[in-house]
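Participant: Let me give you the structure first, and then I'll get to my questions.
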Amino acid sequence: MNTLLIYPAFPDTFWSFKHALKFIRKKAAYPPLGLLTIGAMLPKEWPKRLVDINVTKLTEKDLEWADYAYIGAMVIQKASALNTVAQCKAAGLKVVAGGPLFVCEHAKFDGVDHFVLNEAELTLPPFLKDLKQGCAKRLYTTTEFADIKETPAPAWGLIDLKRYAAMSVQFSRGCPFNCDFCNVTTLFGHKPRIKTAAQVIAELDGLYNLGWRGQIFFVDDNFIGNKKYLESHLLPALIEWHKDKKGIPFNTEASLNLADNQELMEMMVEAGFDGVFVGIETPDEESLAECNKRQNKNRDLVKDVKRMQRAGLEVQGGFIVGFDSDTTSIFQRQIDFIQQSGIVTAMVGLLQALPGTRLYERLKREGRLLGHVSGDNVDGTTNIIPKMDFDALYEGYKNIMRYIYSPRHYYQRVKTLLREYKAPKAGIPMDFQRFLALFRSNIRLGILGRERFQYWGLLLWTLFRRPQLFSMAITLAIYGHHFRKVCELRIF
Ligand code: B12
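Numbered per the working numbering, the sequence shown spans residues 331 to 822.
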């Protein structure tokens with residue numbers, strides 16, 4: 331059974347980092363962790379190939395070689411996924427599909443022979459059993475959540491690690507909070523499920539032994555969902571693991587209440603974490619109440635962000651405009667918040683209602699849903715009829731993006747962050763890749779770019795004021811170039 335695992339292409343979006351990857355000669359930001367996990371769950375004796383269309387082409391030879399194609403994707407990859415299914419069918423392959431895109435929209439994929447949906451830990455074994463007995467059904471689904479202590483380590487050997495900017499590891503799934511616009515609890519549950527520290531260390535060892543020396547993203551919905559285990563087991567194990575290893579920083583996603591726990595932040599930093607993505611959403615108390623983001627209420631959010639930065643965690647933030655309580659003053663308030671907090675990577679989107687969320691159900695009842703969701707929450711589209719006049723909302727949104735990603739304000743924010751940010755003890759090494767990035771950015775941003783004055787200003791400022799963060803300054807300058815390009819392409 332020759333098995334082809336295929337990951338469809340991402341469009342040029344905010345999180346694709348496409349325009350930044352060129353500086354470091356990488357093809358994609360992250361590997362397809364879901365498919366790599368499927369690769370490890372399929373029978374060992376089946377010959378396997380993984381084609382990530384983001385880093386390599388799907389060739390006629392691949393299609394001729396294979397008997398079955400296993401396709402995994404998120405909604406944003408839909409166009410490429412439709413195309414891939416058609417290509418596989420034309421080549422006479424049987425197609426199996428799973429992952430978030432198909433969980434949400436499987437009815438739109440006629441060509442797929444078998445949908446193996448939700449968590450494959452639960453749905454793949456019955457499919458494989460039926461397949462063996464020649465009675466495989468079209469649809470496998472479950473409402474249960476898997477025990478991820480049973481999840482095998484991803485089959486890293488199926489990809490060429492060198493083509494990716496970062497690697498991914500997953501410690502937990504699910505989130506204890508209940509924000510009404512977020513589909514995480516519908517997809518992954520309310521009670522965080524965790525792997526053991528030994529499992530995580532084995533995955534890290536796997537990557538290390540394959541030669542990986544670079545960023546590793548803990549792709550958890552909320553890394554601090556189970557603080558007790560984190561503090562008592564995982565972080566001590568990571569601290570130990572990191573002792574004799576350099577150049578492998580970690581980052582992750584967590585809720586804002588991380589800022590309340592100085593000890594936890596310090597442990598995370600000691601364990602090698604240098605960044606965290608946090609859903610901040612809005613500085614408006616009424617909107618926070620409206621969306622049930624209780625963990626962000628009644629706090630000084632700017633102070634919280636700074637506390638994390640001072641501990642050594644760069645905060646990336648998610649922001650939303652278009653809540654029912656939002657008035658037109660929200661646009662300037664979001665801008666002020668983002669600038670003051672020094673959140674350089676600010677993912678700002680219009681409120682969207684994802685199927686399965688409480689927001690979706692409410693807006694459906696109120697007759698305020700429109701068409702489909704694009705799957706990209708940084709493209710200025712929405713599937714809801716907002717309370718605010720849509721044109722005013724859209725204009726206000728575009729103004730936020732224009733302002734925060736204009737060279738002047740973007741670079742201002744980088745300095746705000748660098749002033750506050752505690753440099754990692756081990757320093758940020760100026761390795762060959764970073765040196766290459768510096769060379770390229772000097773030309774692309776420092777000579778050709780419209781940000782050239784801000785660029786050289788930042789490099790000089792950093793050299794004198796925060797020399798140990800020089801490498802970080804270059805990375806952020808390159809990110810800025812990417813974000814501006816994406817905004818020009820998709821929003822303005
Ligand atoms: C890491 C991550 C990212 C990373 C990169 C992922 C990558 N490889 O490129 C980054 C930060 C770039 C990212 C960005 C985005 N992401 Co994202 N991301 C995640 C996150 C947190 C973890 C994904 C992961 O690796 N999980 C671990 C693996 C093991 O799980 P898995 O992929 O789900 O696979 C399991 C099953 O789905 C299934 N499965 C998966 N593939 C296949 C294939 C087959 C054949 C089968 C049978 C089964 C199967 O089996 C696996 C084991 O159970 C998830 C949330 C989550 N908990 O999964 C969101 C998630 C996937 N992202 C989501 C979204 C919406 C986005 C964005 C569009 C957000 C935005 N701001 O616009 C962007 C778009 C990306 C882009 N490039 O443009 C949504 C997808 C929703 C959907 N229905 O498609 C999720 C589910 C989050 C959410 N709250 O809804 N994301």
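Ideal Cβ positions, reconstructed from N, Cα and C, are used throughout, including at glycine. All values reported here derive from a predicted model rather than from experimental measurement.
Can you say whether E818 is buried or exposed, counting buried as having 16 or more other CB atoms within 10 angstroms of its CB?
Facilitator: Reading the sequence shown from its first residue, position 488 is the one you call residue 818. Under this definition E818 is an exposed residue.
Participant: When you measure from the CB of I406 to every non-hydrogen atom of ligand 1, does any distance come out below 7 Å?
Facilitator: Mapped onto the sequence shown, residue 406 falls at position 76. I406 Cβ: within cutoff of ligand 1.
Participant: Quick check: does the Cβ of S410 come within less than 7 Å of any heavy atom belonging to ligand 1?
Facilitator: Against the sequence shown, residue 410 aligns to sequence position 80. The answer is no for S410.
Participant: Would you decide whether H338 is buried or exposed? Buried here means 16 or more other CB atoms lie within 10 Å of its CB.
Facilitator: By one-based count along the sequence shown, residue 338 stands at place 8. The sequence as given places Pro at residue 338; His does not occur at that position. By the neighbour-count rule (16 or more Cβ atoms within 10 Å), P338 is buried.
Participant: Would you please state the rounded distance, in angstroms, between the beta carbons of L681 and T712? I believe it to be under 8 Å.
Facilitator: One-based indexing of the sequence shown puts residue 681 at position 351. One-based indexing of the sequence shown puts residue 712 at position 382. 6 Å between Cβ atoms; contact.
Participant: Have a look at Q529 and G779 and give me their C-alpha separation to the nearest angstrom.
Facilitator: Numbered from its first residue, the sequence shown carries residue 529 at position 199. Numbered from its first residue, the sequence shown carries residue 779 at position 449. Computed Cα separation, rounded: 45 Å.
Participant: In whole angstroms, what is the alpha-carbon distance linking I610 and L461?
Facilitator: Translated into positions along the sequence shown, residue 610 becomes position 280. Translated into positions along the sequence shown, residue 461 becomes position 131. About 45 Å.
Participant: When you compare the CB positions of I730 and I665, do they come within less than 8 Å of one another, or not?
Facilitator: As a working note, residue 730 is residue 400 in the sequence shown. As a working note, residue 665 is residue 335 in the sequence shown. Result yes, Cβ atoms of I730 and I665 sit closer than 8 Å.
Participant: Over what stretch of residues does the beta strand (DSSP E) that includes N413 continue unbroken?
Facilitator: Within the sequence shown, numbered from 1, the residue matching residue 413 stands at position 83. First-last for N413: K408 to A420, but that is the alpha helix (DSSP H), not the beta strand (DSSP E).
Participant: Helix, strand or coil for D719, going by three-state DSSP, please let me know.
Facilitator: Looking up residue 719 in the sequence shown gives position 389. Here D719 sits in coil by DSSP.
Participant: Where DSSP assigns a beta bridge to M497, which residues make up the other side?
Facilitator: Position 167 of the sequence shown, counting from 1, holds the residue named residue 497. Paired residue(s): I546.
Participant: Look at R743 and G672 and say whether their C-beta atoms are less than 8 Å apart.
Facilitator: Here residue 743 refers to the residue found at position 413 when the sequence shown is read from its first residue. Here residue 672 refers to the residue found at position 342 when the sequence shown is read from its first residue. Contact flag set, yes.
Participant: Taking all protein chains shown into account, decide if T805 is buried (16 or more other Cβ within 10 angstroms of its Cβ) or exposed.
Facilitator: What you label residue 805 is simply residue 475 of the sequence shown in a count that begins at 1. With 16 or more other Cβ atoms within 10 Å, it is buried.
Participant: From I808 to A767, what does the alpha carbon distance come to, in whole angstroms?
Facilitator: Within the sequence shown, numbered from 1, the residue matching residue 808 stands at position 478. Within the sequence shown, numbered from 1, the residue matching residue 767 stands at position 437. The alpha-carbon atoms of I808 and A767 are separated by roughly 8 Å.
Participant: Distance check for A722 and P654, CA to CA, integer angstroms please.
Facilitator: The residue you call residue 654 lines up with position 324 of the sequence shown. The residue you call residue 722 lines up with position 392 of the sequence shown. Going by the sequence as given, residue 654 is Asp instead of Pro. Answer to the nearest angstrom: the Cα atoms are 14 Å apart.
Participant: In whole angstroms, give me the CA-to-CA distance for Q545 and L699.
Facilitator: One-based indexing of the sequence shown puts residue 545 at position 215. One-based indexing of the sequence shown puts residue 699 at position 369. Their Cα atoms are separated by approximately 39 Å.
Participant: If you drop the 5 nearest sequence neighbours on each side, which residues of the same chain put their C-beta closer than 6 Å to that of K419?
Facilitator: As a first step, residue 419 must be located in the sequence shown, where it is residue number 89. Around K419: G441.
Participant: Which residue wins for smallest C-alpha separation from V549, given the options C621, V514 and Y724?
Facilitator: In the sequence shown, counting from the first residue as 1, residue 549 sits at position 219. Of C621, V514 and Y724, the residue nearest in Cα terms is V514.
Participant: Using only the alpha-carbon positions, how far apart do V446 and L469 sit?
Facilitator: As a position in the sequence shown, residue 446 is number 116, starting the count at 1. As a position in the sequence shown, residue 469 is number 139, starting the count at 1. Looking at the two C-alpha atoms, the distance is approximately 6 Å.
Participant: Could you pull out every residue in the same chain whose Cβ sits closer than 7 Å to the Cβ of R493, ignoring the five residues on either side in sequence?
Facilitator: On the sequence shown, position 163 is the one that residue 493 refers to. K356, K357, A358 and V385.
Participant: Taking the alpha-carbon of A399 as reference, which of K558, K387, Y751 and V415 has the nearest alpha-carbon?
Facilitator: As a working mapping, residue 399 is identified with position 69 in the sequence shown. For A399, the nearest C-alpha among the options comes from V415.
Participant: Specify, as a first and last residue, the run of the beta strand (DSSP E) that G402 falls within.
Facilitator: To locate residue 402, count along the sequence shown from 1; it is residue 72. Unbroken beta strand (DSSP E) run through G402: Y398 to G402.
Participant: Tell me, please, whether the region 641 to 649 touches the region 736 to 754 by the rule of three or more beta-carbon pairs shorter than 8 Å.
Facilitator: As far as the Cβ criterion goes, the region 641 to 649 touches the region 736 to 754, which means the pair count is three or higher.
Participant: Which one of K557, H444 and T389 has the shortest CA to CA distance from G402?
Facilitator: As a working mapping, residue 402 is identified with position 72 in the sequence shown. For the residues K557, H444 and T389, the minimum Cα distance to G402 belongs to H444.
Participant: Counting Cβ pairs closer than 8 Å, one from the region 503 to 518 and one from the region 547 to 565, do we hit at least three?
Facilitator: Yes, since at least three Cβ pairs between the region 503 to 518 and the region 547 to 565 fall closer than 8 Å, the two stretches touch.
Participant: If we count Cβ pairs, one from each stretch, closer than 8 Å, do we get three or more for the region 618 to 629 versus the region 580 to 590?
Facilitator: Yes, the region 618 to 629 touches the region 580 to 590.
Participant: Looking only at its own chain, which residues have a Cβ that is under 7 Å from the Cβ of F340, when we skip the five neighbours before and after it?
Facilitator: Stepping through the sequence shown from its first residue, residue 340 is reached at position 10. Here the set comprises S346, N384, I406 and Q407.
Participant: Go ahead and label R523 buried or exposed: buried means 16 or more other beta carbons lie within 10 angstroms of its beta carbon, across all protein chains shown.
Facilitator: The residue labelled residue 523 in the question sits at position 193 within the sequence shown. When all chains shown are included, R523 counts as buried.
Participant: State the start and end residues of the unbroken alpha helix (DSSP H) segment that holds H572.
Facilitator: By 1-based counting over the sequence shown, the position of residue 572 is 242. L565 to H572 is the extent of the alpha helix (DSSP H) around H572.
Participant: Per DSSP, V678 is paired with what?
Facilitator: Stepping through the sequence shown from its first residue, residue 678 is reached at position 348. Answer is F649, bridged to V678.
Participant: Under the criterion of a Cβ to heavy atom distance below 7 Å, does D706 qualify as lining ligand 1?
Facilitator: Translated into the one-based positions of the sequence shown, residue 706 becomes position 376. Checking every heavy atom of ligand 1 against the Cβ of D706, one is found closer than 7 Å.
Participant: Tell me whether R503, by its Cβ, gets closer than 7 Å to a heavy atom of ligand 1.
Facilitator: The count along the sequence shown starts at 1 and reaches residue 503 at position 173. True, at least one ligand heavy atom lies under 7 Å from that Cβ.
Participant: Going by other Cβ atoms of all chains shown within 10 Å of its Cβ, with 16 needed for buried, is I368 buried or exposed?
Facilitator: Here residue 368 refers to the residue found at position 38 when the sequence shown is read from its first residue. So I368 ends up on the buried side.
Participant: Candidates A427, F518, G555 and S562: which alpha carbon is nearest T582's?
Facilitator: Within the sequence shown, residue 582 is the residue found at index 252, counting from 1. With distances taken between Cα atoms, T582 lies closest to G555.
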